[in-house]
Structures are given as structure tokens and as C-alpha cells.
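Undergrad: For the sequence shown, the numbering used here gives the first residue as 1015, with consecutive numbering after it.
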Amino acid sequence: MSTTTMPRRGTKMQARRRAELLALRSSVGAEWADRMSHGMPSAKLLRELSILEHALTERWPHMSTRWLTDWILADAGRIHGGPEARMPGCRYCASAQR
Ligand SMILES: [Zn+2]
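(1) Under 7 angstroms: does the beta carbon of M1101 sit that close to some heavy atom of ligand 1?
(2) Look at the Cβ atom of G1043, then the Cβ atom of A1088, and state whether they are nearer than 8 angstroms.
(3) Quick check: A1029 and I1093, are their CB atoms within less than 8 angstroms of each other?
(4) Check for me: the alpha helix (DSSP H) holding A1099 runs from which residue to which?
(5) Which residues bound the alpha helix (DSSP H) around W1081?
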């Protein structure tokens, strides 16, 4: 086995793992913000978020600053409220409209 193919394969797997973790962080973050917006318990999701964020920033520390900014903006931008709130993709808004 050549030593030149191993790092490349490892890099590809790392990139896929990173994309998976980022996608998961994004969906858990959105669910957390939606639950928060509707006054529902969200501590479990917050714990899940901190585990995911720790896994990402520990493995790719050079991305930490950018990711942390992205996550704060994404979560803050998704917080919504009031009786007329209609956040696209929020299942709690959707069920309130029925
Ligand atoms: Zn909502």
C-alpha cells in the first residue's frame, strides 16, 4: 500500500465527517431555536449542541472562530415569536396555524 494514497483517503473521510457534523449541528441548532421560540424545553438540545460544537472545534480548531460566528448568527436569526410568527420550516409555527 502506497503511503501517498492514505492521507488523501483520510482527508476525504475527514471532509465527509466534517460535513456530516456541520449538517447535524445546523439541524439541531434550528430545532433548538424553534423550541426556544415557542417556550418549549430545550436543555437537551443545548447539551447536544455543545457536544457537537466541541467535537467540531476540537478537530478543526482553525475553523473555530468562523464557525462560532456562523452558529451564533444562525441561531439568533432563527429565534422568532409572537402570535403572528411564521418561521419557514418551523413545525411548531406550522402546527399553530392548523
Ligand atoms: Zn415557530
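Where a beta carbon is used, it is the ideal one built from N, C-alpha and C, also for glycine.
TA: Walking through what the data contain:
(1) The residue given as residue 1101 occupies position 87 in the sequence shown. Yes, since a heavy atom of ligand 1 falls inside the 7 angstroms radius drawn around the Cβ of M1101.
(2) Within the sequence shown, residue 1043 is the residue found at index 29, counting from 1. Within the sequence shown, residue 1088 is the residue found at index 74, counting from 1. Yes, the Cβ-Cβ distance between G1043 and A1088 is below 8 angstroms.
(3) One-based indexing of the sequence shown puts residue 1029 at position 15. One-based indexing of the sequence shown puts residue 1093 at position 79. With respect to I1093, A1029 sits apart: the two C-beta atoms are not nearer than 8 angstroms.
(4) Position 85 of the sequence shown, counting from 1, holds the residue named residue 1099. From DSSP, A1099 is part of no alpha helix (DSSP H); its letter is neither H nor E.
(5) Reading the sequence shown from its first residue, position 67 is the one you call residue 1081. Note, W1081: alpha helix (DSSP H), S1078 to R1092.
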